[in-house]
Amino acid sequence: MSDITLSLAEIVGEDYVSNRAEELYFYARDPGLLPPHEPDYVVVPQTAEEIQKIVRLANREKIPVVPMGAGLALTGLIIPLKGGIVVDMKRMNKVLGVHEKARHVIVEGGTSQGLLKSYLEKNYPRLRHSIPDSPSTATIAANVMIHGQGRLTQQYGFNSDMVTGLEVVLPSGEICKIGSCSLSPDWFSRGAPLPDLSGLFLGWFGATGIITKVGLRLYPRKKMRDVDIFVTDREDLVPDIIYELTHTEMTEDIVVFSQPLPLIFKGNHHVTIFMTGDTEEELEFKRKMVWDALDGFMKSKDGGFMWVQPAMKPTLLDMPQRSVTRFADVKKGGGFEYSGPILLVERYPECTRKLEELSSKYNLGYSGMARIIGRGHCMMYGFAFTFNRADPDMMDRVRKALHEVSDYALDIGGVFWKATVEEQKMALERMDPHTRNLMKMIKQNMDPNGIMNPGNWEVA
Amino acid sequence: MKYEDIVHRCFRCGYCKFTSDYSDFNCPSYRKFFFESYSPGGRMWLIQAWLNDEIKNSERFQEILFSCATCANCVEHCVFTFSDDLVNLFTAAREELVNKGVIPPPVRDYLKNINISGNPYKEPADDREKWAEGTPLETYDGQEHLLYIGCVGSYDERAKKIARAVGNVLIRAGVSLGILGNRETCDGNEVRALGEMGLFRSLAERNIALFKELGVEKIITLDPHAFNAFKQEYPGLGGEFKTYHYTQILAPLIQSNTIPLKEYKATVTYHDPCYLGRHNSEYDSPRKILKSIPGVELIEMDQNRENAFCCGGGGGNFFTDILGGGEESPNRVRVRQALDTGAQIIAVSCPQCANMLDDAGKAEELEEKLEVLDIAEIVTRALP
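Dropping the structure here:
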């Protein structure tokens, strides 16, 4: 074993460090389309103190450190672009505490979405968190780190908006608490009324520290859930439909999808409306409000509610929605990737036209999905293309299509979500120069040796 | 390689690692090693890399492939249409390594022992029937059922007790059966799982020929592994027999009071063996027996039935120990799960599981708190 391997083994135990070819191969890549780059070491720590020691070692030896949750962002954020140590967080997967009345939970930095869902259902059946549609192995910390969204995003904003506190190992190795927990035993606020320092970490993809604990808001879990789908073939009306729906404040979540198959779906925009209630009366009241809000579109024959077959409802109501993952195998090849810029809902029509244009230009299977964020404050529009890993030409066409999406998204006022390194560079180039300099100052001051997930958010 | 057409189709979504409610990681090798490379998805990506010559056949690669317990949790929980073939794919990759002659020494030794001795313990075939000494069991001679014991039940000291309990209870219930004695040889289930398809075929053909020669139509197995081989694999080789796990025979007999039982007060949790449960969907018969014993209270572990956590002995690991020991070894995790129920007894219906969990109980120093008993042994305690 090399000196570094020995040092890492002393920290995490010999069984949880590897520099074997098999781990280096696997951890060099994510399920997306970006080129791999091998780490030098992979470690699977169990405590924040172990991570602290790893980071201090990395600082001494000037070795990069790349934290990894489930690696499902698909945009290469966990690919160790300059080698170094990949820190797989998934062994830190405990729920540390729930404050039922104050509706928040504290979890370790590798806790999966699935584990928290299961834990709450079993122990706190009146509470829930905002579950994304990424697979259940996706971690809470990585999801808030990338400003992920979930089933409660339409009501409460990005999942990162729901953070109530953080524990972070800084690039210098200190274990730092962010929010009310920095001076109180309680994790009720990540900032207010203090300066909100969570912005030094959220959205930085691990370039400013490793999240080892997350406090997260929980919300009432109603006894019943249901879903309706409003369909229109006029993409230009989707923003108005969303405006009316969000005005009701009656929905749990709103997602709009479009896809070419089956054929009866082609050209249509499926506004999927999730509703909850503690009683049938509550649910029916909400449904009536929703239907009334869209009555004008039905009267003008611009849309209508499709009959959702009972057999289809469990698929739609599933959390996380496993059917989303199945999109990866449409081409029998285990792959899909999407670019999901955050932008105004009024951009929906042009996004959907662009998606169809690109799928036609590059001959690709596609799916469009808009997740409404807040009361129509913005949306994530996913330009998603499926591909076959055994077909390099198809993979290349998807890369080209996504590259065009990146340019297009910026042109129409969008901001990249979980940006690839290339997109980060594009964003930094267009960014207000004072903002860019501020980011540079933050990064240089927090991580003077440049060891934390290098390549990401690097201002030249 | 067989199943090569699906090897590139894994998305690394990770559903394969979980229980259906996501409450815990349920892949024994991932739970033990915690590197993605030891998960079903990791194996798929590495097999593809190996086929593409991006990685070599190393000791680590072999450990990754052969530490799979073939428990089929991934088959149960993978969301893709190729899920049914995941274990088949891993077995096919093992077969490739076997064919190339580059496999872990414990796997090599196991296969050699089976080939030479007809059992993994290098014990003489003439000693095979010794387990039955002192029982009323007779040699098969046209009885309704053949009771097939298998290598573990025939030679392993702990498992021999289970075999005797099963034999005695079935005889007491009036089931017409006979044993092969020294003519019995390995069923080949683990040989197949370890990828030695030639040896498996040879064992299976030999067994099928013998069963046919003796006029066997119905087989009762002690071991779910043998049950799986006879039920799932032998028909493809011309061996069509009505095959039962012994719990499937006992359950109706006990429920109908054909075997009267006295009260036996105990709290019991049941561990589903993978080759009876997930591989063959038999979850109810063992539970019916336990629930029919007066005084027995059955308490389920959180991870039960389709979500049962494997003891780590499947896929040949019972013999090769490639999954290895330690605090996070699957058998120790499983006994801790059993302990959480508050039960006094872990009931099993597989001699391999019994051994794995016995060992784990000792390692966890739980012998005083948690007893590992086969269902037939519990029934024996309740016999008047």
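As given, the protein sequences belong to chains A and B, one line each in that order. Using our numbering, read the first sequence as starting at 1432 and increasing by one per residue. Using our numbering, read the second sequence as starting at 194 and increasing by one per residue. Where a beta carbon is used, it is the ideal one built from N, C-alpha and C, also for glycine. In this text the structure is predicted, and so the values were computed from the model without any measurement.
- Message: Using the Cβ count rule (16 or more neighbours within 10 Å means buried), how would you classify Q1740 (chain A)?
- Response: In the first sequence, residue 1740 (chain A) corresponds to position 309, counting from 1. It is exposed - the Cβ of Q1740 (chain A) has fewer than 16 other Cβ atoms within 10 Å.
- Do you know offhand how far D320 (chain B)'s Cα is from F227 (chain B)'s? As a working mapping, residue 320 (chain B) is identified with position 127 in the second sequence. As a working mapping, residue 227 (chain B) is identified with position 34 in the second sequence. Rounded to the nearest angstrom, the two C-alpha atoms are 42 Å apart.
- Who are the neighbours of Y1797 (chain A) on chain B, taking C-beta pairs under 9 Å? The count along the first sequence starts at 1 and reaches residue 1797 (chain A) at position 366. The contacting residues do not exist; Y1797 (chain A) stays about 17 Å from chain B at best.
- Message: Does any residue of chain B have a CB that is nearer than 7 Å to the CB of Y1769 (chain A)?
- Response: Start at 1 with the first residue of the first sequence, and residue 1769 (chain A) comes out as number 338. With 7 Å as the cut-off, Y1769 (chain A) does not count as an interface residue toward chain B.
- Message: Output needed for P487 (chain B): all residues of its chain with C-beta closer than 8 Å, excluding positions within five of it in sequence on either side, in chain order.
- Response: Indexing the second sequence from 1 puts residue 487 (chain B) at position 294. Here the set comprises L454, K455, E456, Y457, A575.
- Query: Which residue spans inside the region 1752-1785 of chain A form an unbroken beta strand (DSSP E) run of at least 3?
  - Reply: Given a length threshold of 3 residues, each whole run of the beta strand (DSSP E) inside the region 1752-1785 of chain A is given here in chain order: 1765-1770.
- Message: Would A286 (chain B) pass as an interface residue toward chain A - the criterion being a Cβ-Cβ separation below 7 Å?
- Response: The residue given as residue 286 (chain B) occupies position 93 in the second sequence. By this cut-off, A286 (chain B) is not an interface position.
- Quick one, are the C-beta atoms of P313 (chain B) and L279 (chain B) less than 7 Å apart? As a first step, residue 313 (chain B) is located in the second sequence; it is residue number 120 there, counting from the start. As a first step, residue 279 (chain B) is located in the second sequence; it is residue number 86 there, counting from the start. Between P313 (chain B) and L279 (chain B), the CB-CB gap reaches or exceeds 7 Å.
- Task: Please list the partners that P1780 (chain A) has in chain B, where partner means a Cβ-to-Cβ separation under 8 Å.
- Result: The residue labelled residue 1780 (chain A) in the question sits at position 349 within the first sequence. Correct list: empty, because the minimum Cβ distance to chain B is about 30 Å.
- Beta-carbon proximity of E1492 (chain A) to L239 (chain B), cut-off 7 Å: Here the question's residue 1492 (chain A) lines up with position 61 in the first sequence. Here the question's residue 239 (chain B) lines up with position 46 in the second sequence. No. Outside cutoff.
- Task: Mind checking which residues open and close the alpha helix (DSSP H) that includes D1863 (chain A)?
- Result: As a working mapping, residue 1863 (chain A) is identified with position 432 in the first sequence. Segment: none, D1863 (chain A) is in no alpha helix (DSSP H) and carries neither H nor E.
- What residue from B:A366, B:L415, B:A531, B:I413 has the CA that sits closest to I452 (chain B)'s CA? Taking the second sequence and counting its residues from 1, one reaches residue 452 (chain B) at position 259. The shortest CA-to-CA distance from I452 (chain B) to any of B:A366, B:L415, B:A531, B:I413 is the one to B:A366.
- Measure the alpha-carbon distance for D1726 (chain A) versus E1469 (chain A) and round it to whole angstroms. As a first step, residue 1726 (chain A) is located in the first sequence; it is residue number 295 there, counting from the start. As a first step, residue 1469 (chain A) is located in the first sequence; it is residue number 38 there, counting from the start. Distance between D1726 (chain A) and E1469 (chain A), taken at the CA atoms: about 56 Å.
- Task: Verify the CB distance criterion: does R1451 (chain A) have a CB-CB separation below 7 Å to chain B?
- Result: Position 20 of the first sequence holds residue 1451 (chain A). Proximity of R1451 (chain A) to chain B, defined by a Cβ-Cβ separation below 7 Å, is satisfied.
- Item | D1659 (chain A) in three-state terms, based on DSSP | Residue numbering aside, residue 1659 (chain A) sits at position 228 when the first sequence is read from its first letter. When DSSP states are grouped into helix, strand and coil, D1659 (chain A) belongs to the strand group.
- Residues bridged to D1684 (chain A) [DSSP beta-bridge criterion]: For the purposes of this step, residue 1684 (chain A) is taken as the residue at position 253 of the first sequence. Paired residues: A:F1705.
- Item | Beta-carbon contacts of P1556 (chain A) that lie in its chain and below 8 Å, excluding the five residues immediately before and after | For this step, residue 1556 (chain A) is matched to residue 125 along the first sequence. R1652.
- Message: When you compare the CB positions of L516 (chain B) and L563 (chain B), do they come within less than 7 Å of one another, or not?
- Response: Residue mapping note: residue 516 (chain B) aligns to position 323 of the second sequence, counting from 1. Residue mapping note: residue 563 (chain B) aligns to position 370 of the second sequence, counting from 1. The answer is no: Cβ separation not under 7 Å.
- Start and end of the alpha helix (DSSP H) containing L1439 (chain A)? To locate residue 1439 (chain A), count along the first sequence from 1; it is residue 8. 1434-1443 is the span of the alpha helix (DSSP H), which, as asked, contains L1439 (chain A).
- alpha helix (DSSP H) segment containing E398 (chain B), residue limits: As a first step, residue 398 (chain B) must be located in the second sequence, where it is residue number 205. Residues 390-407.
- Message: Could you check whether S1629 (chain A) and F1609 (chain A) sit closer than 7 Å to each other, using their CB atoms as the reference points?
- Response: Indexing the first sequence from 1 puts residue 1609 (chain A) at position 178. Indexing the first sequence from 1 puts residue 1629 (chain A) at position 198. At residue 1609 (chain A) the sequence reads Ile, which differs from the Phe that was named. S1629 (chain A) is positioned such that its CB atom lies closer than 7 Å to that of I1609 (chain A).
- According to DSSP, is P523 (chain B) helix, strand or coil? If you number the second sequence from 1, residue 523 (chain B) lands on position 330. Secondary structure at P523 (chain B): helix, using DSSP grouped into helix, strand and coil.
- Task: Using the Cα positions of G470 (chain B) and Y463 (chain B), report the straight-line distance between them to the nearest angstrom.
- Result: What you label residue 470 (chain B) is simply residue 277 of the second sequence in a count that begins at 1. What you label residue 463 (chain B) is simply residue 270 of the second sequence in a count that begins at 1. Rounded to the nearest angstrom, the two C-alpha atoms are 12 Å apart.
- Item | Residue closest to M1655 (chain A), alpha-carbon to alpha-carbon, out of A:P1745, A:L1647, A:I1673 | Position 224 of the first sequence, counted from the start, is the residue given in the question as residue 1655 (chain A). Among A:P1745, A:L1647, A:I1673, the Cα nearest to that of M1655 (chain A) is on A:P1745.
- Task: Give the residues of chain A in contact with S239 (chain B), contact being defined as C-beta atoms less than 9 Å apart.
- Result: If you number the second sequence from 1, residue 239 (chain B) lands on position 46. The amino acid occupying residue 239 (chain B) in the given sequence is Leu; Ser does not appear at that position. Per Cβ cutoff of 9 Å: E1453, Y1456, F1457.
- In angstroms, rounded to a whole number, what distance separates the CA positions of Y231 (chain B) and I447 (chain B)? If you number the second sequence from 1, residue 231 (chain B) lands on position 38. If you number the second sequence from 1, residue 447 (chain B) lands on position 254. One C-alpha to the other measures close to 42 Å.
- Run down chain A in chain order and give the residues with a C-beta less than 8 Å from the C-beta of S251 (chain B). Translated into positions along the second sequence, residue 251 (chain B) becomes position 58. Within chain A, the residues near S251 (chain B) are R1451, A1452, E1453.
- Item | Option in B:F254, B:G381, B:T460 with minimal Cα separation from V295 (chain B) | Position 102 of the second sequence, counting from 1, holds the residue named residue 295 (chain B). In terms of Cα proximity to V295 (chain B), the closest of B:F254, B:G381, B:T460 is B:F254.
- Kindly list the residues whose CB is nearer than 8 Å to the CB of V1662 (chain A), restricted to its own chain and excluding five residues on each side of it in sequence; keep chain order. The sequence position of residue 1662 (chain A) within the first sequence is 231, counting from 1. Same-chain partners within the cutoff: N1699, H1700, H1701, V1702, G1734, G1735, F1736, M1737.
- Item | Assumed close pair N1742 (chain A), L1676 (chain A) - CB separation to whole angstroms, cut-off 8 Å | Start at 1 with the first residue of the first sequence, and residue 1742 (chain A) comes out as number 311. Start at 1 with the first residue of the first sequence, and residue 1676 (chain A) comes out as number 245. The sequence shown places Ala at residue 1742 (chain A), rather than the Asn named in the question. Between L1676 (chain A) and A1742 (chain A) the Cβ distance is about 25 Å, and since that is not below 8 Å, they are no contact.
- Item | Extent of the continuous beta strand (DSSP E) run through F420 (chain B) | Residue 420 (chain B) sits at position 227 when you count from the first residue of the second sequence. DSSP places F420 (chain B) in no beta strand (DSSP E) but in the uninterrupted alpha helix (DSSP H) bounded by 417-421.
- Whole angstroms is fine: what's the gap from L491 (chain B)'s alpha carbon to Q336 (chain B)'s? Walking along the second sequence from the start, residue 491 (chain B) turns up at place 298. Walking along the second sequence from the start, residue 336 (chain B) turns up at place 143. Distance between the alpha carbons of L491 (chain B) and Q336 (chain B): 34 Å.
- Measure from the C-beta of C206 (chain B) to each C-beta in chain A and report whether the shortest distance is under 7 Å. On the second sequence, residue 206 (chain B) is found 13 positions in, with the first residue counted as 1. Yes - at least one Cβ of chain A is within 7 Å of the one on C206 (chain B).
- Task: Identify whether S1811 (chain A) lies in helix, strand or coil by the three-state DSSP scheme.
- Result: Numbered from its first residue, the first sequence carries residue 1811 (chain A) at position 380. Before going further, note that residue 1811 (chain A) is Met rather than Ser in the sequence given. DSSP places M1811 (chain A) in strand when its eight states are reduced to three.
- Task: In angstroms with no decimal places, state the Cα-to-Cα distance between R1830 (chain A) and G1764 (chain A).
- Result: Working through the first sequence from its first residue, we reach residue 1830 (chain A) at position 399. Working through the first sequence from its first residue, we reach residue 1764 (chain A) at position 333. Between R1830 (chain A) and G1764 (chain A), the C-alpha separation is close to 16 Å.
- Query: In chain order, what residues of the same chain have a beta carbon less than 7 Å from the beta carbon of T1568 (chain A), not counting five sequence neighbours either side?
  - Reply: On the first sequence, position 137 is the one that residue 1568 (chain A) refers to. For T1568 (chain A), where only same-chain residues beyond five positions count, the Cβ hits under 7 Å are A1501, S1543, G1545.
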